[in-house]
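Below is one structure, written out as structure tokens; comments come after it.
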Amino acid sequence: GNNLIPPESIEYINAIKSGSAYQLAVDPKNNLIYISWGYRLGSNPVAGILAFELDNLKAKGFINGVHDVYGLAFDQRNKRLLAEHTVSRKTEEGKLLTGNSFDIISLKDGTKLTKTIEIDREKKDRNAFNSHYIFVNDIGDIFISSESKPKNGGPDGMQKITKYNSAGAEVWQTKAFPGLVAALISDDKLIAGVNDLYEISLSDGTINKTLYASKPDNDDARYMALAKGDNLIYAASFSKLENIAPKKRSYDNIYVIEKGKSAKGFSTITYKESVGVGSTSLIVNPERKELYTANFNDNTISI
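858 is the number of the first residue of the sequence shown in this note's numbering; add one for each residue after it.
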């Protein structure tokens, strides 16, 4: 579009210094990959979404007027980006909009910010949950996965998911259930949870009382992301420092999940005494029958 700050500009260089990469969104038809650029060290960076050419990763610039993005999704049907803000974002006037929100950004008319939706606006427990991930289905419905914040009065270890229609109006919100942030659209339902996985109705947000799949033998597993391949679901898991045995070096960071069964894990990494051990994201390449995972403590990608 015509709303990009070009990579050769001073504004681009300064913006790059003030944030961190979080999530990827791909528009293969237009040879573009987008990276969300989010909050780091209290910075509220000016850049929110960086754009690159997909085939050679040449920088295209960043979208003007969209600040401090965490979750990011590409809506293929409506040709737009969906950008989620955790805790706060700056407005175009430079004011700080507190609370969780997400932007709808049209790619049809020059990468323009169309609308900002404030999540849980005017609800009593708005600050008890932080939104983290945004995703979209084939018809443009929008989903937000949020993590409870006990320090702000939220329940301990709980997750909720909110569905919006393509215009940004809230359709339903689940009750809080044991979880963190991982969620996945699978056929006519949502799958979500931190190690026990729950099955959630796409039509009304009802949570099935029967688990989709039970936690693995290692109940310290913390699913950070889910991906689907063939008839299975895969989970990337990240273990917190306080749950790591002192002398253990190998940790299951990938889990293979079949409906109705306990998940089975395997390891692609070794513990290097850092802040934790495991993987924070993964994707499946169905054409090559491969799975790719980002290994947090190793700074590596496993195939």
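By construction, the Cβ of each residue, glycine as well, lies at the ideal position given by its N, Cα and C atoms.
Since we're looking at a predicted model, the values are computed, not measured.
Where does residue i sit, in a helix, a strand or coil, going by DSSP?
i     : result
L1041 : strand
L898  : Confidence is the limiting factor: at L898 the pLDDT is only 49, short of 50, which leaves the residue's position unreliable and the question unanswerable from this model.
E979  : coil
N1110 : coil
I1126 : coil
L1089 : strand
K874  : coil
A985  : helix
Taking only the alpha-carbon atoms, compute the straight-line gap between residue i and residue j and give it to the nearest angstrom.
i     : j     : result
D925  : V903  : 7 Å
L907  : E1099 : 35 Å
S958  : G928  : 10 Å
T1067 : N921  : 46 Å
L898  : S1060 : Any reading at L898 needs caution, since the residue's pLDDT is 49, under 50, leaving its predicted position unreliable; the model's value is listed next. Taking the straight line joining both Cα atoms gives about 39 Å.
D1109 : L939  : 32 Å
N1142 : D1087 : 10 Å
I1158 : I890  : 18 Å
K1116 : I1048 : 10 Å
L1041 : K1032 : 17 Å
R1079 : L914  : 32 Å
Name, in chain order, the residues that DSSP records as bridge partners for residue i.
i     : result
F919  : I862 and L907
L953  : K947
D818  : Past the boundaries of the shown model lies residue 818; the chain is included only from 858 to 1160, so the question cannot be answered.
D884  : L889
K1017 : S1003
E1189 : The requested residue 1189 does not occur in the structure, where the chain is confined to residues 858 to 1160.
T973  : D960
Taking the alpha carbon of residue i as the point to measure from, which residue in the options has its own alpha carbon closest?
i     : options                      : result
D998  : R1079, N935, L1068 and S1124 : N935
S875  : L861, G905, V883 and I862    : G905
I1057 : F919, A1026 and K1020        : K1020
Q880  : L953, T971, T1137 and G956   : T1137
L1148 : A1093, H942, V1134 and K1097 : A1093
N987  : I1090, I974 and K1006        : K1006
T864  : E950, L911, K1118 and G918   : One detail in the question is off: residue 864 reads as Pro in this sequence, not Thr. Looking at the Cα atoms, G918 is the closest of the given residues.
S963  : H989, K1046, G951 and Q933   : Q933
K981  : G956, F1000, E910 and K969   : G956
S1023 : F1034, E941, P1012 and I961  : I961
I873  : D912, K1146 and I892         : I892
Any heavy atom of the ligand MG closer than 7 Å to the CB of residue i?
i     : result
T1137 : The ligand MG is not among the ligands present in this structure, which contains no ligands whatsoever.
Please report the Cβ distance between residue i and residue j, rounded to the nearest whole angstrom; I am assuming they are in contact, meaning their Cβ atoms lie under 8 Å.
i     : j    : result
P1014 : K972 : A small fix is needed here, since residue 1014 is Gly in this sequence, not Pro. So it is not a contact: roughly 33 Å between Cβ atoms.
Using a Cβ cut-off of 8 Å (strictly closer), state whether residue i contacts chain D.
i    : result
N994 : Absence of chain D from the displayed structure is noted, only one protein chain being present.
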